[in-house]
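These notes are about the structure you will find just below.
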Amino acid sequence: MRVQSGARIGLFIPTGLSVFLPACPPVRYNSRAMIEMSHVSVTYKGEVDALCDVSLCIPGGDFVFLVGPTGAGKSTLLRLLYRDLLPSSGALVVAGYDLTRLRARDVPLLRRQMGIVFQDYGLLPQRTVWENIVFACQVLGQPRREIRKKLPEVLDQVGMTHRCDAYPGELSGGEQQRVAIARALVNQPPLLIADEPTGNLDPETSVGIMDVLREANRRGTTVLVATHDKTSVDRLRRRVIAVERGRIVRDEGQAAYAAEAIPILTTTLPRRNW
Amino acid sequence: MRVQSGARIGLFIPTGLSVFLPACPPVRYNSRAMIEMSHVSVTYKGEVDALCDVSLCIPGGDFVFLVGPTGAGKSTLLRLLYRDLLPSSGALVVAGYDLTRLRARDVPLLRRQMGIVFQDYGLLPQRTVWENIVFACQVLGQPRREIRKKLPEVLDQVGMTHRCDAYPGELSGGEQQRVAIARALVNQPPLLIADEPTGNLDPETSVGIMDVLREANRRGTTVLVATHDKTSVDRLRRRVIAVERGRIVRDEGQAAYAAEAIPILTTTLPRRNW
Amino acid sequence: MLFLLHEALTNFRRHGLMTMAAITTIAVSLALLGGFLLTFYQVSNAARRAVDAFEMRVFCRQEIRKEALPALKQRITALQGVASVRYLSREQIWAEQTKNYPIDTSGIPNQMPDTFVVKLSDARRATALSEEIRNWRESVDSVDLPESEMNSVLRIADFLRNVGMAGAFVLVGGALIVVSNTIRISVFARRREIKIMQLVGATPWFIRFPLLIEGMLHGLLGGALAALCLLGAGHSLGNLVRENVPMLVPYLASVDMLRFGLALALGGALLGAGGSLVSIRRYLRAL
Amino acid sequence: MLFLLHEALTNFRRHGLMTMAAITTIAVSLALLGGFLLTFYQVSNAARRAVDAFEMRVFCRQEIRKEALPALKQRITALQGVASVRYLSREQIWAEQTKNYPIDTSGIPNQMPDTFVVKLSDARRATALSEEIRNWRESVDSVDLPESEMNSVLRIADFLRNVGMAGAFVLVGGALIVVSNTIRISVFARRREIKIMQLVGATPWFIRFPLLIEGMLHGLLGGALAALCLLGAGHSLGNLVRENVPMLVPYLASVDMLRFGLALALGGALLGAGGSLVSIRRYLRAL
Ligand SMILES: Nc1ncnc2c1ncn2[C@@H]1O[C@H](COP(=O)(O)OP(=O)(O)OP(=O)(O)O)[C@@H](O)[C@H]1O
Ligand SMILES: Nc1ncnc2c1ncn2[C@@H]1O[C@H](COP(=O)(O)OP(=O)(O)OP(=O)(O)O)[C@@H](O)[C@H]1O
Ligand SMILES: [Mg+2]
Ligand SMILES: [Mg+2]
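Chains as they are written, first to last, in this note's numbering: chain Y, 62 to 335; chain H, 62 to 335; chain L, 19 to 305; chain D, 19 to 305.
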């Protein structure tokens, strides 16, 4: 056995892997919108109305904040987008896939169009930081050499290079969150969905992470961020969708923003007497 | 069988339960300080220095914020206090228990002196919200009737009454966090430790929760909160301990606060260019 | 107490899959163990009865007086290891011979001796007994003992018993491994819960007790299930034996299945409780 | 492909306890199953040999001419179900008789017939054969067949075979339950991981394959372990038999233990793979 060939086998994913990808891609709609939601409702277990008749259109390349009090339905809305949930009623098209008609076996295709930062991080506990991010690349069938090249960069962006051999259980909350962000970013997906990506980060790191997201957006990624971090919302001055009790109560585009900034942000001002 | 007696058996925890409590309480030091830490260091797995030579004294009845960037060692410091970790070196006395000498079987006694809000909530996934909080009471051997009386109040304080029969997996991040806070508060412990209790809460709810903590503090509970929520830190104007890379870099008492408020808070001001 | 029991029971609902898996696994293990023990018991019992079926024949001297025979019978009966003695007079024997082999016996005088047919209670003493009786020269001519067959059967019986014992040990070990694995995994799957309980201030016993009861109930139910299966299987097997191989019926031992089932269930409970205790300790010890 | 295999192997390290538990549980189940099958095979083989040991004796008429005997032997040998025929001349038999029973035979002429000792290849045809031969009146006087003993042994052998078959089915069922429980629990304990992988965009096969390989390896290792144990046990049991109960040796069947072990290991692998497939599907189907 020659070391050379052994190394090559180790480095490349053989083409046989392609059997693990679904054969025929489903029909994709030719729509300019990245996300189109119309009259979507979600009812959990037939009891809790998490979303009521929500309609929404997010064009490709947008940067959108989703805000609202706890339990408003932000996570529910995001879970709809990556088809972790099916809407109880209504139509939903994401990245050209009609989610209400998407066959189960095509769901992975949809999810590869997006990077997702989960509210509870969702890191694989038995894998190191490095392996966690590698996994997200392997899912797409990328050759190992390429993965190895791009990983350091994304780890550096979120500032986790020094802990890349640690297991998630050995990281602080904020560090786990940053790893989750790195995993979502690594494949430069067309759509980035982030649920509370800075909940456990200090303001400085939050700003850094938001800048990373903005940078991704500038490279063409559509970004949708659910957050309570009004400082960032305020600073970035992008479109803001406010959800409350399962309904969209405000949707303010970039243009309208400047004029109405203050009302949205009142609650974050330190002096507010609550 | 008479219904009456059956009901009574169901309602009371028989005195036989006392066998589950350790027999002889360990020596408690007569110190005015609730927490006394001197020259404490923590090294994880012989590699990561999470805390370096930290000394600290928190008198009973204090309300203290622990701030610092992610990975600074805040959670590590808190884990020391409830003896989830033992310090690699240094001395540590909490609520009168010398943690470096505390026998393993007395650890429950220590933990009953405190309510803890974990960064990852730490709710029991197989129990409903109600059962989770009840469990924390049962641990103290409280009679069921008493538990039933005080639970609604604490659920109401955190605004979770309407979801009390839900399982943690069916709650939003913020709701889980509020349940964790309710569980920590329900026994009105002498010491309350909260790790990032508002990380997943919107600003309004955060303010409400902080008020609940302040209320508990007013009733005599010593409160220690690790947080990134500088709005709250700012608003409450209490003692702030800043940790950075495992060291205490600032420790500003209530008195010193007013004068030095601005430097601590600069990073939270929306206008800051980072 | 009551509360802890209630805990254990609601845990059944909380961990449906685990409960089902634990109970069925324990049931299978215990049923196999119990089935083996029953089979082993029956086989060794049958071997014992086969050995017991052998008889020793004591042939008296031709010149013995009829009056001396009862005393001789008495004497043989008194020996240790003798279960019963039956007397066959030489006339009886000869009559039978002439009837069975008319050609071979025609015209020959009765050469048959008075005979005692001796059933043994302890086959292992057969050779010693025969030696002893053979020494009573004044009245005994010779002693006939199917020594080689008897030895064969005895050795086979011994062999079966020993192998069976070894097998039982192996099976007990196997059942222990399987059951403890099952319980260990199901506790392992709950280590986070246990950790949380500890952090909330629960004493080790407060955590352990419901798990213990739960393990015990798993074992009890598993054992009961196993006992039920064995009861059914044993019953229908007994019927099958009676119908198909009636000649084996005398070799069957009757087993008090109720007791056996109870023992199995209790054994299961013990196993479950022990298994939980051991596997919880690991997670409790880590602070 | 290689990467997925690598995944499966590193999972061994990642889930140490689960791996150990799964392998030992599968090993125990398969060892029990294999042990039972081997025992069953040996017992039914022994029963078959016991039946085969029975001989049919064909007694010729006294007036038969010596020249006719070879033809008769030929005729018997040609019958279906006859394994071998041995000729005993009446002189041979008488010589033996006189030697064994000098008293009973003194002064009597040789009354013994020429005899053929017939070994049967199919005990079930014994009665039919004896009927047929008995009809050859011109040369055959009578046929002696230990019918009742033979029937007993035959019925016992049949009974054992049937019960053993049923037992094997029950054991296979039990092993299936235990193994599938074990694998189900270990997949259950990883349902969160599986969920995360799905959310990250992994196709079902991408998730399934490493788990499948892992289950297969568990089964393979468990089966190999079981085969090793059985090999050792079988070997030492064989020695024990030879030492302690040499009279059983002719009844022993030799088993190709290598093949048996391989079959066991492969069976384990199949079981493991099947078990994983089935139990993963549940968690994959939920979107
Ligand atoms: N699996 C579920 N079963 C039942 N109800 C659920 C489930 N998941 C969420 N809910 C309920 O739906 C509502 C919306 O939840 P969602 O997680 O979308 O809130 P959110 O806006 O993300 O809140 P947060 O900011 O706290 O994360 C909440 O009242 C929650 O309790
Ligand atoms: N179990 C562990 N093993 C090894 N290193 C650990 C472990 N837990 C924490 N660390 C490391 O110790 C350092 C301090 O972690 P800690 O959780 O105390 O930070 P933190 O201040 O709570 O951060 P955050 O605000 O993100 O929660 C981090 O660098 C972290 O990676
Ligand atoms: Mg949410
Ligand atoms: Mg922390």
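Every residue, glycine too, gets a C-beta built ideally from N, C-alpha and C.
Note that the coordinates shown come from a computational prediction; the quantities given were computed from them, not determined experimentally.
For residue i, which residues of its own chain have a beta-carbon under 7 Å away from its beta-carbon, when the five flanking residues on both sides are left out?
{"i": "residue 223 of chain L", "result": "none"}
{"i": "residue 130 of chain H", "result": "305"}
{"i": "residue 213 of chain H", "result": "222"}
{"i": "residue 196 of chain H", "result": "185 and 188"}
{"i": "residue 227 of chain Y", "result": "189 and 190"}
{"i": "residue 209 of chain D", "result": "301"}
When you compare the CB of residue i with every CB in chain D, is at least one pair closer than 8 Å?
{"i": "residue 304 of chain Y", "result": "no"}
{"i": "residue 313 of chain L", "result": "The structure shown does not extend to residue 313 of chain L, since chain L spans only 19 to 305, so no value can be given for it."}
{"i": "residue 162 of chain Y", "result": "no"}
{"i": "residue 173 of chain L", "result": "yes"}
CB of residue i to nearest heavy atom of ligand 1: below 7 Å?
{"i": "residue 232 of chain D", "result": "no"}
{"i": "residue 105 of chain Y", "result": "yes"}
{"i": "residue 305 of chain Y", "result": "no"}
{"i": "residue 180 of chain H", "result": "no"}
{"i": "residue 131 of chain Y", "result": "yes"}
Might you give, ordered along the chain, the residues of its own chain that have their beta carbon closer than 6 Å to the beta carbon of residue i, omitting 5 neighbours on each side?
{"i": "residue 289 of chain L", "result": "197 and 237"}
{"i": "residue 54 of chain L", "result": "189"}
{"i": "residue 123 of chain Y", "result": "283"}
Check whether the Cβ of residue i lies closer than 7 Å to any heavy atom of ligand 3, and answer yes or no.
{"i": "residue 342 of chain H", "result": "Any property of residue 342 of chain H remains undetermined from this structure, which presents chain H solely from 62 to 335."}
{"i": "residue 216 of chain L", "result": "no"}
{"i": "residue 290 of chain H", "result": "no"}
{"i": "residue 256 of chain Y", "result": "yes"}
Is any beta-carbon of chain Y found at less than 8 Å from that of residue i?
{"i": "residue 220 of chain D", "result": "yes"}
{"i": "residue 82 of chain H", "result": "Annotation note: pLDDT 44 at residue 82 of chain H (below 50); position unreliable, coordinate value reported separately. Residue 82 of chain H does not count as touching chain Y."}
{"i": "residue 187 of chain H", "result": "no"}
Beta-carbon separation of residue i and residue j under 8 Å?
{"i": "residue 125 of chain Y", "j": "residue 306 of chain Y", "result": "no"}
{"i": "residue 183 of chain H", "j": "residue 94 of chain H", "result": "no"}
{"i": "residue 101 of chain Y", "j": "residue 141 of chain Y", "result": "yes"}
{"i": "residue 274 of chain Y", "j": "residue 252 of chain Y", "result": "no"}
{"i": "residue 128 of chain Y", "j": "residue 245 of chain Y", "result": "no"}
{"i": "residue 170 of chain L", "j": "residue 161 of chain L", "result": "no"}
{"i": "residue 48 of chain D", "j": "residue 286 of chain D", "result": "yes"}
{"i": "residue 255 of chain Y", "j": "residue 178 of chain Y", "result": "yes"}
{"i": "residue 207 of chain L", "j": "residue 38 of chain L", "result": "no"}
Closest Cβ-Cβ distance between residue i and chain H: below 8 Å?
{"i": "residue 262 of chain Y", "result": "yes"}
{"i": "residue 228 of chain Y", "result": "no"}
{"i": "residue 130 of chain Y", "result": "yes"}
{"i": "residue 305 of chain L", "result": "Annotation note: pLDDT 47 at residue 305 of chain L (below 50); position unreliable, no value reported."}
{"i": "residue 214 of chain L", "result": "yes"}
Give every residue of the same chain whose Cβ lies closer than 8 Å to the Cβ of residue i, excluding the five residues on either side of it in the sequence, and list them in chain order.
{"i": "residue 262 of chain Y", "result": "235, 238, 239 and 270"}
{"i": "residue 146 of chain Y", "result": "103, 137 and 140"}
Distance cutoff 8 Å, beta carbons only. Does residue i sit that close to anything in chain L?
{"i": "residue 39 of chain D", "result": "yes"}
{"i": "residue 204 of chain H", "result": "no"}
{"i": "residue 237 of chain H", "result": "no"}
Does the beta carbon of residue i fall short of 7 Å from some heavy atom of ligand 4?
{"i": "residue 233 of chain H", "result": "no"}
{"i": "residue 136 of chain H", "result": "yes"}
Flag residue i as yes when its Cβ comes closer than 7 Å to any non-hydrogen atom of ligand 2, and as no otherwise.
{"i": "residue 230 of chain Y", "result": "yes"}
{"i": "residue 236 of chain Y", "result": "yes"}
{"i": "residue 257 of chain D", "result": "no"}
- Task: Say whether the region 180 to 192 of chain D touches the region 112 to 132 of chain D, bearing in mind that this needs 3 or more beta-carbon pairs closer than 8 Å, one atom from each stretch.
- Result: No contact exists between the region 180 to 192 of chain D and the region 112 to 132 of chain D.
- Query: Touch check for the region 158 to 178 of chain Y and the region 210 to 223 of chain D: three-plus C-beta pairs under 8 Å?
  - Reply: Counting Cβ pairs under 8 Å, three or more are found: they touch.
- Item | Cβ contact (3+ pairs, closer than 8 Å) linking the region 239 to 247 of chain L and the region 37 to 49 of chain L | The answer is yes - the region 37 to 49 of chain L touches the region 239 to 247 of chain L, with three or more Cβ pairs under 8 Å.
- Item | At least three beta-carbon pairs within less than 8 Å, the region 245 to 254 of chain L to the region 290 to 298 of chain L | No, because fewer than three Cβ pairs between the region 245 to 254 of chain L and the region 290 to 298 of chain L fall closer than 8 Å, the two stretches do not touch.
- Query: Is it true that the region 59 to 68 of chain D meets the region 95 to 106 of chain D, where meeting means three or more beta-carbon pairs spaced less than 8 Å apart?
  - Reply: No, the region 59 to 68 of chain D does not touch the region 95 to 106 of chain D.
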